[in-house]
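Residue numbers (our numbering): 4 to 419. Each residue gets a CB set at the ideal place from its N, CA and C atoms; glycine is no exception. Written below as structure tokens is the structure these notes are about.
Listed below in structure tokens is the structure:
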């Protein structure tokens with residue numbers, strides 16, 4: 004074999020080898036992830052979604068037709084002035100199927116749905132169903148809150164966390180704030196986590212570690228900081244001129260503008276469940292009981308327990324306060340704690356969303372999940388529909404629609 008033939012044979016072998024390597028790599032490499040499944044179905048003209056255009060005077064506000072933060076409003080009552088027409092119809096699914104059932108409920112504000120996916124916050128235009136933007140982060144249960152043209156989220160992972168302000172239209176980061184401390188290994192990472200943001204009158208209230216912070220909405224600058232006696236256990240609630248917060252030992256009432264202490268009451272609040280404020284009372288979970296504290300001085304007005312169940316505050320409307328266990332929702336008269344009705348499921352009952360006449364919940368587990376509407380006065384079920392694989396999170400109401408998270412992170416809506 005001549006030198007030329009040897010060289011040609013060697014080059015041929017190299018080409019074959021390179022081709023084989025490329026073929027093997029392509030066979031082993033995972034297929035690219037499919038694009039988010041977004042259903043492009045225009046919303047009806049009378050859906051009642053919030054106005055997307057704001058005047059300068061409205062930049063610190065949210066529409067009453069929105070569900071702009073966890074609990075719907077600063078008092079965390081989970082009630083709205085909306086009146087949905089039953090039966091609910093026109094099912095529609097928005098968002099990308101890139102999540103799981105551990106994310107926070109969607110937030111609906113100014114015609115945008117904010118949906119938590121795996122390490123991503125997705126903004127979807129309600130009218131078109133199309134994605135506006137995404138924001139990447141590390142963490143879970145970011146609990147978005149919207150005021151004007153800003154989105155406030157909490158981001159926490161691996162004992163690191165911060166509060167982030169995003170532009171609602173673009174998703175661009177405007178400012179971020181790092182709290183002084185979070186939960187730690189010394190406490191078994193129980194308590195002290197960043198809480199769901201609360202926005203009111205140009206201030207962002209959030210707790211972490213053993214502090215409650217009031218931050219300027221526009222800049223993120225500290226307005227005041229209040230030191231708790233122990234690790235915070237749940238997000239704050241606000242009504243009027245007072246803000247209420249609990250740690251492992253006390254429930255506190257503070258002046259919302261200055262952070263000055265109004266009163267502190269020894270309690271044993273449940274972790275992760277914010278107070279509910281209504282009818283001059285502050286409702287908390289203490290031990291296994293639902294406790295009503297007088298907002299004037301923190302004294303106990305009444306408390307109620309259900310044998311074998313642990314109750315947490317779940318909302319309030321029309322002279323009733325709602326509390327839930329894992330498998331039941333209860334209604335109590337705010338005046339004396341008398342139980343007015345209850346609704347049970349074998350597996351799970353969510354926190355409610357309340358319109359003018361009905362209480363909406365997610366119930367069931369796995370493939371056997373449903374949305375139910377209960378009469379606010381009697382607790383009687385007046386409507387329900389089966390929707391497989393709903394996440395164990397609360398529904399939200401915005402405009403004339405109810406939105407519910409699915410176990411894959413997508414959001415299904417029903418209009419009425």
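With residue i as the anchor, note down where its beta strand (DSSP E) starts and where it stops.
i           : result
residue 147 : Taken as a continuous stretch (DSSP letters only), residue 147 belongs to no beta strand (DSSP E), as it is neither H nor E.
residue 1   : An answer regarding residue 1 cannot be provided, because it is not within the stretch 4 to 419 covered by the chain.
residue 203 : 201-203
residue 316 : 315-320
residue 214 : 214-219
residue 401 : 399-401
residue 323 : 323-327
residue 378 : 371-378
residue 383 : Premise fails: residue 383 is in no beta strand (DSSP E) and is neither H nor E.
residue 226 : 225-230
residue 287 : 284-289
residue 210 : 206-211
residue 68  : Premise fails: residue 68 is in no beta strand (DSSP E) and is neither H nor E.
residue 276 : First-last for residue 276: undefined, no H or E at that position.
residue 416 : 414-418
Would residue i pass as a contact of residue j if the rule is Cβ separation under 7 Å?
i           : j           : result
residue 229 : residue 262 : yes
residue 157 : residue 146 : yes
residue 370 : residue 392 : yes
residue 256 : residue 284 : no
residue 210 : residue 236 : no
residue 148 : residue 202 : yes
residue 267 : residue 253 : yes
residue 382 : residue 344 : yes
residue 79  : residue 279 : yes
residue 412 : residue 101 : yes
residue 337 : residue 282 : yes
residue 199 : residue 312 : no
residue 124 : residue 144 : no
residue 348 : residue 366 : yes
residue 273 : residue 292 : no
residue 68  : residue 320 : no
residue 151 : residue 184 : no
residue 241 : residue 259 : yes
residue 98  : residue 118 : yes
Starting from residue i, follow its DSSP beta bridges and name the residues at the other end.
i           : result
residue 303 : 296
residue 249 : 254
residue 357 : 82 and 362
residue 393 : 409
residue 388 : 374
residue 265 : DSSP output for residue 265 lists no bridge partner at all.
- Message: Ignoring anything shorter than 3 residues, give me the beta strand (DSSP E) runs that lie fully in the stretch 330-354, in order along the chain.
- Response: List check, beta strand (DSSP E) in window: 331-336 and 342-347.
- Message: Could you tell me which whole beta strand (DSSP E) segments of length 3 or greater appear in the stretch 83-111?
- Response: Listed in chain order, the complete beta strand (DSSP E) runs (minimum 3 residues) inside the stretch 83-111 are 92-97.
- Message: Assess contact between the stretch 106-125 and the stretch 390-409, defined as three or more Cβ pairs (one per stretch) separated by less than 8 Å. Is contact present?
- Response: Yes, the stretch 106-125 touches the stretch 390-409.
- the stretch 214-223 / the stretch 178-187 touching (three or more Cβ pairs under 8 Å): Contact between the stretch 214-223 and the stretch 178-187 is established, with three or more Cβ pairs separated by less than 8 Å.
- Where in the stretch 111-196 do unbroken runs of the beta strand (DSSP E), each at least 3 residues long, occur, reported from the N-terminal end onward? Inside the stretch 111-196, DSSP marks whole beta strand (DSSP E) runs of 3 or more residues at positions 115-120, 123-128, 134-139, 148-150, 153-160, 163-170 and 176-180, from first to last along the chain.
- Query: Three or more C-beta pairs closer than 8 Å, one from the stretch 351-363 and one from the stretch 289-302: is that the case here?
  - Reply: The count of Cβ pairs closer than 8 Å, one atom from the stretch 351-363 and one from the stretch 289-302, stays below three, leaving the stretches out of contact.
- Flag this pair as touching only if the stretch 150-166 and the stretch 127-134 have three or more C-beta atom pairs under 8 Å; answer yes or no. In short, these stretches do not touch, since the Cβ pair count stays below three.
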